[in-house]
Amino acid sequence: MRGDQMRVVIDRFEGDLAVIEWGKSMIEVPRGELPAGAAEGSVLTVRFEVDEAETTARRARAAEAIRRLRERN
Amino acid sequence: MTFRSPRGWARRRRFAASASLALVLVLALSLMAPAGCGPAAPNRPSPIIPLAQLELHFIDVGQGDAILIQTPGGRHVLIDAGEAAYGRAVVAYLRKLGVRSLEVIVITHPHSDHIGGVSRVIETFPVGAVYDPGYASTSDAYAKLLDLIERKKIPYHAARSGVAVPIETGLSFTFVAPDGPTNDANNSSAVIRLAEGGFAALLMGDAERPEEEALLAASGGAGGSGLVVAQVLKVGHHGSASGTTDALLDAVKPRYAIISVGAKNEFGHPDPATLKRLQARGIEVFRTDRDGTIVVTWDGAAIKVRGEKK
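Those protein sequence lines, which keep their order, are chains A and B.
Converting from the first sequence to this note's numbering requires adding 2 to each position, the first position being numbered 1.
Converting from the second sequence to this note's numbering requires adding 33 to each position, the first position being numbered 1.
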């Protein structure tokens, strides 16, 4: 790894899935999620973004489930 | 044929390991390998059953490959070792069999489901030589594995068509593909033909149609040199749709097919069409996802195949 940039490697493709070496783990990612030009052996940089809307929606769903379960008592 | 020599190393190791009960008993009894016999061990009980058969263990490592070969002379060769998460399991299996050292490790190709566990094996057992087709993978796992091989000063050779690995008198262990690494890792897989007496096994790694075609072209196909004929076929690439063609099966003419594959894998292995091609020829199929670890034995007269769950 160079610098602070996180990098992962496409180990192989199995049909429509890319098998990606992420540190010591292997993860599977749909081929369509990868940038154009990504091939077996390609080194990819990884960048995270906070999905505020999805975070809020999930928090609300969890709160709703908690409320429903408590009301059952 | 190019001859490499892990043998000299193996002989030195063998004397050094003469305290090993299993190894000494095997060697003392083996007619196959008089050259490797160490001094007779005193105060050792006689074994009830002398180990004089060839065994191929297709170890259940989920979605991946790991094959241990135990020769009639008690020598061991490992081909792949599954994902890194299975490294411990492979080491434990080898220990259970009494493995103290490996003559040779073959890396069929550098995908994680084949090389992941190899580093742990090399850290655990002395290894005489590593054979690798030399597809230059960019993965960390591969870089670390090559570093380890270098650090341990293990002889490292190209797994290339025509290279015969000297393991033991009477045992032929020959790479029949690839001619060299291609631009595709699966189709750069080391393909091995293992033969002893009237027995042969063809171990395909993750070879798919392109490498099968190259192999058949080199061997002259169904009516060819017999380079690929084998009773036991380790099916290429976990039985995917992309290989195990009719042409390959017609040339190999196997009686048994072994598929190393993980239960409920996300890749659809093995493919139903591949299974159909095998079944249509009356080939008996064994699968690690259903049968667990599969052991093939050849005692010089008969072949037995059994799965731990079958």
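Idealized CB from N, CA, C, for every residue including glycine.
Neighbour-count burial assignment, residue i, 16 or more Cβ in a 10 Å radius
i: valine 52 of chain A; result: exposed
i: valine 48 of chain A; result: exposed
i: glutamate 116 of chain B; result: buried
i: isoleucine 29 of chain A; result: exposed
i: threonine 57 of chain A; result: exposed
i: isoleucine 182 of chain B; result: buried
i: isoleucine 68 of chain A; result: exposed
i: glutamate 73 of chain A; result: exposed
i: leucine 227 of chain B; result: buried
i: leucine 71 of chain A; result: exposed
i: alanine 73 of chain B; result: In this predicted model, alanine 73 of chain B has a pLDDT of only 42, less than 50, meaning its place in the structure is not dependable enough to derive any value.
i: glutamate 66 of chain A; result: exposed
i: alanine 59 of chain A; result: exposed
i: serine 27 of chain A; result: exposed
Minimum Cβ-Cβ distance from residue i to chain B less than 8 Å
i: glutamate 16 of chain A; result: yes
i: glutamate 66 of chain A; result: no
i: leucine 71 of chain A; result: no
i: glutamate 23 of chain A; result: yes
i: leucine 36 of chain A; result: no
i: leucine 19 of chain A; result: yes
i: methionine 28 of chain A; result: yes
i: aspartate 13 of chain A; result: yes
Top-ranked residue by Cα proximity to residue i, from the options
i: alanine 191 of chain B; options: B:Lys177, B:Ile291, B:Val209, B:Ile102; result: B:Val209
i: alanine 296 of chain B; options: B:Gly272, B:Leu281, B:Arg314, B:Asn220; result: B:Gly272
i: leucine 311 of chain B; options: B:Val261, B:Thr277, B:Val329; result: B:Thr277
i: alanine 280 of chain B; options: B:Tyr289, B:Val265, B:Ile292, B:Ser252; result: B:Ser252
i: arginine 9 of chain A; options: A:Val45, A:Ala41, A:Val21; result: A:Val45
i: valine 196 of chain B; options: B:Pro211, B:Gly203, B:Lys185; result: B:Pro211
i: isoleucine 292 of chain B; options: B:Ile102, B:Leu308, B:Ala284; result: B:Leu308
i: phenylalanine 232 of chain B; options: B:Phe158, B:Pro305, B:Thr171, B:Gly333; result: B:Gly333
i: proline 188 of chain B; options: B:Ser172, B:Val139, B:Lys177; result: B:Val139
i: proline 32 of chain A; options: B:Arg339, B:Ala306, B:Leu89, B:Glu299; result: B:Glu299
i: leucine 248 of chain B; options: B:Gly301, B:Gly230, B:Ser194; result: B:Ser194
i: arginine 133 of chain B; options: B:Val268, B:Ala223, B:Gln103, B:Asp146; result: B:Gln103
i: alanine 20 of chain A; options: A:Ala40, A:Gln7, A:Asp6, A:Lys26; result: A:Ala40
i: glutamine 142 of chain B; options: B:Leu260, B:Asn216, B:Ile336; result: One point to set straight first is that residue 142 of chain B is histidine, not glutamine, in the sequence displayed. Out of B:Leu260, B:Asn216, B:Ile336, B:Asn216 has the C-alpha closest to the C-alpha of histidine 142 of chain B.
i: valine 262 of chain B; options: B:Val338, B:Val285, B:Ser221, B:Ala240; result: B:Val285
Residue i, DSSP secondary structure in three states
i: arginine 310 of chain B; result: helix
i: tyrosine 119 of chain B; result: helix
i: arginine 339 of chain B; result: strand
i: lysine 177 of chain B; result: helix
i: isoleucine 29 of chain A; result: strand
i: leucine 130 of chain B; result: coil
i: proline 72 of chain B; result: A caution first: proline 72 of chain B carries a pLDDT of 41, below 50, which makes its placement in the model unreliable, though a value can still be read off. Coil.
i: aspartate 18 of chain A; result: coil
i: threonine 157 of chain B; result: helix
i: aspartate 279 of chain B; result: helix
i: aspartate 146 of chain B; result: helix
i: arginine 242 of chain B; result: helix
i: glutamate 56 of chain A; result: helix
i: serine 92 of chain B; result: Just to set this straight, residue 92 of chain B is isoleucine in the shown sequence, not serine. DSSP places isoleucine 92 of chain B in coil when its eight states are reduced to three.
i: arginine 226 of chain B; result: strand
i: isoleucine 140 of chain B; result: coil
i: arginine 9 of chain A; result: strand
i: alanine 210 of chain B; result: strand
i: valine 268 of chain B; result: coil
i: glutamate 66 of chain A; result: helix
i: valine 45 of chain A; result: strand
Residue i at chain A interface by Cβ criterion, 8 Å
i: histidine 144 of chain B; result: yes
i: phenylalanine 300 of chain B; result: yes
i: alanine 191 of chain B; result: no
i: threonine 171 of chain B; result: yes
i: glutamate 116 of chain B; result: yes
i: alanine 174 of chain B; result: yes
i: alanine 223 of chain B; result: no
i: alanine 296 of chain B; result: no
Next on the checklist: For a minimum of 4 consecutive residues, which ranges assigned as the alpha helix (DSSP H) are wholly contained in the segment 281-335 of chain B?
Outcome noted: 305-313, 321-324
Next on the checklist: To test your reading of the DSSP string, which unbroken alpha helix (DSSP H) runs of 4 or more residues are found completely within the segment 159-205 of chain B?
Outcome noted: 173-184
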